Amino acid sequence: MEVSEERARPKKKRVFALSAFTIILLLTFVLAIITHFLPEAKFVGEKLVDGSGVIGATLSQTLLAPILGFADAIDICLFVLVLGGFLKVVTHTGALETGIEVLIRKLKGKELVLIPILMFLFSIGGTTYGMLEETVGFYAILSVAMVAAGMDTIVASATVLLGAGVGVLGSTINPFAVGAAIDALPEGITVNQGAIIGIGVALWITSYIIATIFVMLYARKVIKKKGSTFLSLQEQKSMNEKYGINEERKAAKLTGGQKVTLILFLLTFVVMIIGFIPWGDFGVTLFEKGKIMSAITGYPLGEWYFQESTLWFLIMTIIIGIVNKMSEGDFVDVFVDGADDMVGVILVIAIARGASVLMTQTHLDNYIIFNAAEALKNMPKGVFAPLNYLLHTVLSVLVPSSSGLASLSTPIMGPLAQNVGYSVEATIMGMVAANGLVNLFTPTCGAIMGGLRLAKVEYTTWLKWVAKIVVCIALANILVLTLAMIML
Numbered sequence: 000m001e002v003s004e005e006r007a008r009p010k011k012k013r014v015f016a017l018s019a020f021t022i023i024l025l026l027t028f029v030l031a032i033i034t035h036f037l038p039e040a041k042f043v044g045e046k047l048v049d050g051s052g053v054i055g056a057t058l059s060q061t062l063l064a065p066i067l068g069f070a071d072a073i074d075i076c077l078f079v080l081v082l083g084g085f086l087k088v089v090t091h092t093g094a095l096e097t098g099i100e101v102l103i104r105k106l107k108g109k110e111l112v113l114i115p116i117l118m119f120l121f122s123i124g125g126t127t128y129g130m131l132e133e134t135v136g137f138y139a140i141l142s143v144a145m146v147a148a149g150m151d152t153i154v155a156s157a158t159v160l161l162g163a164g165v166g167v168l169g170s171t172i173n174p175f176a177v178g179a180a181i182d183a184l185p186e187g188i189t190v191n192q193g194a195i196i197g198i199g200v201a202l203w204i205t206s207y208i209i210a211t212i213f214v215m216l217y218a219r220k221v222i223k224k225k226g227s228t229f230l231s232l233q234e235q236k237s238m239n240e241k242y243g244i245n246e247e248r249k250a251a252k253l254t255g256g257q258k259v260t261l262i263l264f265l266l267t268f269v270v271m272i273i274g275f276i277p278w279g280d281f282g283v284t285l286f287e288k289g290k291i292m293s294a295i296t297g298y299p300l301g302e303w304y305f306q307e308s309t310l311w312f313l314i315m316t317i318i319i320g321i322v323n324k325m326s327e328g329d330f331v332d333v334f335v336d337g338a339d340d341m342v343g344v345i346l347v348i349a350i351a352r353g354a355s356v357l358m359t360q361t362h363l364d365n366y367i368i369f370n371a372a373e374a375l376k377n378m379p380k381g382v383f384a385p386l387n388y389l390l391h392t393v394l395s396v397l398v399p400s401s402s403g404l405a406s407l408s409t410p411i412m413g414p415l416a417q418n419v420g421y422s423v424e425a426t427i428m429g430m431v432a433a434n435g436l437v438n439l440f441t442p443t444c445g446a447i448m449g450g451l452r453l454a455k456v457e458y459t460t461w462l463k464w465v466a467k468i469v470v471c472i473a474l475a476n477i478l479v480l481t482l483a484m485i486m487l
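Those letters in the sequence shown? Residues 0 to 487, by numbering that gives the first Met the number 0.
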């Protein structure tokens, strides 16, 4: 009996993968449905009775959540839009790709050394001022570098996200996490800043070591055997189309104009980072007298946020265009083309913010934290620390903002820890570490979803790849926090 060729041919398995948009929207609708199965919130006047219940999400609230998320995230969305134009103009000059290729040639097989160095630099930004949203542009930059070095865009994404992420996770003086948590403590509760920094350093360094080892082992495997990449065939195709470097580029040398462009390019990011660090909180007054920057952006370095940074990138884009003698028409076309590339990234960021907006509107966030705190009251120290960490891990999926979570959680968890004789410092750092861990993979974090989209890495691919690293970091965090809770 003959078997037809069509029937004999093995069928390829279809890989089912949801897009970032679908995942976030589904999560938003799930949250809306959950609110209808929980007790109804009670109010005294207009004030919510903590933990009493939630307000059931209406259909209009659910549908409007992504749109309100856009309004809530407008600052970062505008920043990303201008960033796209900036990167496109720099790329148009050929300076970035050529410069990276020259660097790779000079390293001569030692490309792996880039990973621990860059991850440590990103982690410093994370532990000092919560560097996360500001990293979006680096996904594209490092994708070019890592692909040129024989690696893939997962390595690029991991270098940025895990690098900055482990720093945020082990925040020492980060005003948006540690600072916000301390400020949110009720009057009469004091903390030992030295103890917080000590716990932060322990969390930061142990997490950095774990993440770096995993990333370097994977990168080495990809360099040795291209087929070992975790990317799907479609992702590899998208990666090569976007970040592959042709033979002409491999032999290229930097021109004088390109060298100046690279200096301006690096200066742009250095000034941005300096601008975001709240120097005044650390007693540094050096930048308060910077009249030039204040005249340009309205604020001195150290008091910047996304509006000031957006303006700075726009100014530097124009300067780079002038240096490279681009005509007005070419400059506008290239800039608009770059901004257009970021539309998908912006939509992901906006939709991700919508889930948090819905949580706040329905008081679901307050309900979860208050009732979980009540359940942790009588737990021994060795159990309280891990459960506190796990609680904030779950809550951070719904409230990815470190300052938002600190404002929500600390007024409840701080007094609870003090009343039962537990370390307030270890309790706060449990919240900070859990929030940082979740921001290594949560779909409700716009910076992650936007960055992965730039790197041409699907969210489901990243989730599968990073799972082992997240578990190992979580176990190390729990050990550090439990020891700190017992010892303090």
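Heads up, the beta-carbon is just placed ideally off N, CA and C, and yes, glycines get one too.
It should be emphasised that the depicted structure is a prediction, and the values quoted were computed from it without experimental measurement.
Short CB-CB distance (under 8 Å) between residue i and chain C
i, result
"L482", "The structure shown contains no chain C; it is built from a single protein chain."
Terminal residues of the alpha helix (DSSP H) in which residue i lies
i, result
"P385", "380-397"
"T459", "458-486"
"F121", "113-128"
"E373", "363-374"
"P38", "Neither: P38 is in no alpha helix (DSSP H) and is coded neither H nor E."
"L496", "Nothing about residue 496 can be read from this structure; the chain reaches only from 0 to 487."
"S402", "401-418"
"D151", "D151 -> no alpha helix (DSSP H), and no H or E assigned at all."
Sheet register partners of residue i (DSSP bridge)
i, result
"K46", "V43"
Assigned secondary structure, residue i (DSSP; H/G/I helix, E/B strand, else coil)
i, result
"V269", "helix"
"V53", "strand"
"I188", "coil"
"D332", "helix"
"I209", "helix"
"Y304", "coil"
"F440", "coil"
"K224", "coil"
"V283", "coil"
"L62", "helix"
"I172", "coil"
"G93", "coil"
"A72", "coil"
"K109", "coil"
"D340", "helix"
"S231", "coil"
"Y138", "helix"
"P299", "coil"
"A454", "coil"
"Y242", "helix"
"Y217", "helix"
Own chain partners of residue i with C-beta closer than 8 Å, once the 5 adjacent residues on each side are dropped
i, result
"S395", "L404, A433, N434, L436, V437, N438, T441"
"K241", "S142, K455"
"L310", "I295, T296"
"C471", "I209, F213"
"V347", "A19, F20, I23, G445, M448, G449, R452"
"G328", "none"
"Q60", "A31, L357, Q360, T361"
"S406", "A179, A183"
Beta-carbon gap between residue i and residue j smaller than 8 Å
i, j, result
"L117", "G166", "no"
"I350", "G83", "no"
"G256", "N323", "yes"
"P174", "Y128", "yes"
"T359", "I54", "no"
"F78", "F305", "yes"
"L397", "A371", "no"
"V423", "I188", "yes"
"L487", "A194", "yes"
Cβ shell of residue i (< 7 Å), same chain only, five flanking positions each side left out
i, result
"G124", "M130, A163, G166, I272"
"G320", "V88, F330"
"A218", "L111, I114, M150, V154"
Close beta carbons around residue i, own chain, < 6 Å, minus the five adjacent residues each side
i, result
"I196", "T171"
"I198", "M428, A483"
"I485", "K380"
"A144", "I99"
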